[in-house]
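Numbering (the working numbering), first residue to last: 66 to 206.
We treat Cβ as the ideally placed atom computed from N, Cα and C, and that holds for glycine.
Being a predicted model, the structure only gives us computed values, none of them experimental.
Notes for the one structure printed next.
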Amino acid sequence: MKHLILFILLSISSHIGYGQHIRFTYDDAGNRIKRELVTIQEVNTQDRKMQKFLTGNNLDSEITINTDKSSNLIHINTKDRKLQGEYKIVMYSIAGYMVLESQLPITGYAEVDISQLPKGVYALVVTNGTESKAWKITKSE
């Protein structure tokens with residue numbers, strides 16, 4: 066009996082979690098002219114990538130990030146000179162949209178200009194192929 070109740074509850078919850086909604090369209094006189102089934106889906110596929118990047122790892126000891134509020138620059142420097150050029154720099158908005166993307170140059174030092182970005186909170190993600198590290202960047206001016 067317990068298994069049957071558990072099975073029924075799981076079946077019902079899976080249908081509720083599917084997230085469908087029926088939308089009706091009306092003309093100027095108030096008559097319903099269209100009925101459509103709207104399936105609620107994940108709007109932004111960047112969210113999964115962002116979650117993957119926000120895990121901790123040992124890139125903390127290899128990369129230093131400094132910000133310069135007066136010039137809207139983010140300074141990125143690598144300590145490991147062997148891995149220069151293999152680092153990918155990506156910046157995401159708080160909504161999960163990619164707003165900047167670049168490669169770390171051969172010198173191991175990069176300046177990311179964020180002057181064109183609006184005020185807000187961003188995630189700066191640096192990846193070296195297998196590992197990645199994210200920093201929270203808040204632009205206030």
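Just to confirm my understanding: we take residue i, look at its own chain, exclude 5 residues before and 5 after, and list those with CB closer than 6 Å. What are they?
i    : result
L144 : Before going further, note that residue 144 is Lys rather than Leu in the sequence given. Once the five neighbours on either side are set aside, the close Cβ partners of K144 are E127.
L189 : M156, W200, I202
E101 : R88
R97  : F89, Y91
I'd like to check one pair, residue j with residue i: are the Cβ atoms closer than 8 Å?
i    : j    : result
V191 : I154 : yes
S158 : K184 : no
Would you list the one or two residues that DSSP bridges to residue i?
i    : result
E176 : H140
L189 : M156, W200
F89  : R100
With respect to the beta strand (DSSP E) encompassing residue i, which residues constitute its N-terminal and C-terminal limits?
i    : result
E166 : 163 to 168
D133 : 128 to 133
For residue i, which residues in the same chain have their Cβ closer than 8 Å to its Cβ, ignoring the five residues on either side in sequence?
i    : result
E166 : K153, I154, V155, M156
F72  : none
E176 : L138, I139, H140, I141
D133 : I139, H140
K99  : F89, T90
State buried or exposed for residue i, treating a residue as buried only when at least 16 other CB atoms are found within 10 Å of its CB.
i    : result
L169 : buried
S135 : exposed
K198 : buried
N122 : Below a pLDDT of 50, predicted positions are generally treated as unreliable, and N122, at 49, falls in that range; no measurement from the model is reported.
For residue i, which residues in the same chain have their Cβ closer than 7 Å to its Cβ, ignoring the five residues on either side in sequence?
i    : result
T120 : The pLDDT assigned to T120 is 49, lower than 50, so where the model puts this residue is not dependable, and the model offers no usable value.
G194 : E151
L182 : V164, K204
D178 : N137, L138
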